[in-house]
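Enquirer: For reference, the structure I am asking about is given below.
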Amino acid sequence: MISQFYFLYLATKQPFMKYKKRNSSYLSSSYCGRNTFILSAAILFLIIPSCSSLSKNQIKTVETFAASCDSFTAYPSMLFREMSVLRVERGIYFASTLTTPDLRLGELNEIYYESGKDTALAKKLDLSMKILQRYSHALKSLSHQNRVNDAGREFRSLGRSLDSLVYTFNGLKLIKPLPTSLLGLSGRIIGYGAELILSNSRSKALRIYITEGDTLVSSLCDNLSSLLTGPEVKAIIENEQQGLKANYLSYLRSKGSDAEISEDRRYISMLEKAYKIDKIRKGSSSAVNALRRAHNKLAKDVTRKKKFTEIYDEITAFNQEVEKLAKATKTKLSAL
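Count along the sequence shown from 1, then add 18; that gives the number in this note's numbering.
Have a look at this one:
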C-alpha cells in the first residue's frame with residue numbers, strides 16, 4: 019500500500035515543482051489537462067482492484083485477443099491495394115481499344131496516376147493498422163509470462179512507438195483524429211513505480227492500459243467502419259465490377275476474331291477478383307465491429323473479479339471473423 023501512495027506522490031510531485039518555478043498561471047488549459055490525466059492515471063492505479071493478480075485464464079484471454087488483433091491488421095489495406103491492381107488491369111483493356119498512339123499513351127499515363135491514389139490510401143490505412151498492432155504488442159508484452167525480465171523495457175518502447183504513430187496518423191487528417199489520452203501512459207506507468215517484474219503490478223498495469231486504451235480502439239474501429247461501410251467505397255467497388263465488363267466488351271469488339279482465348283481466362287480471373295474484393299470489404303467490416311465489442315467488453319470486465327466467460331465469447335466471435343477473412347483471401351488475389 020505504501021508503494022501505491024508513493025506512486026500517487028510521484029505522479030503529482032513533478033507538476034507542482036514546475037508550478038513553483040513558473041510565474042504564469044498553472045491552470046492553463048493544455049498544462050492543466052495533461053496533469054489532470056497524469057493524476058487520473060495515478061488514481062486508477064490505486065483504485066483498480068490490486069489485491070490479486072489476473073488469473074492465468076484472464077492473462078490467456080488478453081493474449082488471445084492481442085493475437086487476433088495482429089492477424090486482423092493485414093486485411094483492411096489489402097482491399098484498396100487489390101482494388102488498385104484491378105483498376106489498372108481494367109484500364110489496360112480500355113486503352114488497348116484506342117486507335118492512336120497518343121490517345122493510348124495518355125490513357126495509360128492516367129491509369130498510372132490514378133493507381134497511385136489507391137496505393138496512398140492503402141498506406142494510410144496501414145498506418146492505422148500499425149497503431150492497433152503496436153497496442154496489441156503492448157498487451158502481449160504485459161501479459162506474456164516469458165517476457166517478465168524485459169517487460170518494462172519492451173512495454174516502454176512499444177508505448178513510444180504507439181505515441182509517434184498516433185501523432186503521424188492525426189497529421190494525415192484521413193478521417194477523424196484519434197484520441198491522445200493513451201499517449202505517454204506506458205512511460206508513466208513504468209516511471210511512477212509499476213514494477214512489471216511482479217505479477218501483481220503487471221496485472222494492475224494491464225487493467226489500466228486496457229481501460230484507457232478502449233477509447234483509442236473504439237475510435238480506430240469507428241474510422242474503419244465509416245470507411246468500409248460508406249457509400250463511396252461501395253460505389254467504387256460496384257463501378258469496378260461494371261467497368262470491367264464494359265471495358266472487356268469494348269476490347270472484344272475492337273479485336274473481333276483476333277481476340278485470344280487467354281484473354282478470356284484473364285478476364286474471368288479479374289472478374290473473380292472484383293467480387294472477392296467486396297467480400298473482403300464486408301468481412302473487414304464485420305471483423306471491425308467484433309473487435310470493438312470484444313475490446314469494450316474486455317475493458318469493462320478486466321477490473322472485476324469474475325471469470326472471463328462472456329469476454330471469451332466476444333473474443334471467439336472476433337477470432338471467427340478474422341478466420342473468415344483469412345479464408346476469403348486464401349487465393350492470392352494479385353495472381354492473374
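Glycine is no exception: its CB is placed at the ideal position from the N, C-alpha and C atoms.
Roughly how far, in whole angstroms, is the beta-carbon of residue 95 from the beta-carbon of residue 143, given that I think they are within contact range, below 8 Å?
Expert: 4 Å
Enquirer: In or out: residue 315 buried (at least 16 other Cβ within 10 Å) or exposed?
Expert: Buried.
Enquirer: Would you call the CB atoms of residue 98 and residue 160 closer than 7 Å?
Expert: no
Enquirer: What is the residue span of the alpha helix (DSSP H) that residue 301 lies within?
Expert: 279-319
Enquirer: Can you tell me which of the three DSSP states residue 348 falls into?
Expert: coil
Enquirer: With distances taken Cα to Cα, identify the nearest neighbour of residue 112 among 331, 333, 263, 346.
Expert: 263
Enquirer: If you drop the 5 nearest sequence neighbours on each side, which residues of the same chain put their C-beta closer than 8 Å to that of residue 116?
Expert: Apart from the 5 residues on each side of it in sequence, residue 116 sits with its Cβ closer than 8 Å to the Cβ of 122, 125 in its chain, given in chain order.
Enquirer: Whole angstroms are fine: how far does the CA of residue 272 sit from the CA of residue 107?
Expert: 17 Å
Enquirer: Using only alpha-carbon positions, find the residue among 83, 119, 313, 77 that is nearest to residue 239.
Expert: 313
Enquirer: Any idea what DSSP makes of residue 261, helix, strand or coil?
Expert: The three-state secondary structure of residue 261, taken from DSSP, is helix.
Enquirer: Which class does residue 266 belong to by DSSP, given the choice of helix, strand or coil?
Expert: helix
Enquirer: Hey, how far is the Cα of residue 231 from the Cα of residue 284?
Expert: 46 Å
Enquirer: Report yes or no: do the region 292-305 and the region 247-257 share at least 3 C-beta pairs separated by less than 8 Å?
Expert: Yes: at least three Cβ pairs fall under 8 Å.
Enquirer: Could you give the first and the last residue of the continuous alpha helix (DSSP H) run that contains residue 113?
Expert: Element bounds for residue 113: 94-113.
Enquirer: Is it true that the CB of residue 228 sits closer than 7 Å to the CB of residue 306?
Expert: no
Enquirer: Which same chain residues, not among the five before or five after residue 304, have their C-beta less than 7 Å away from its C-beta?
Expert: Closer than 7 Å at Cβ, skipping near neighbours: 339.
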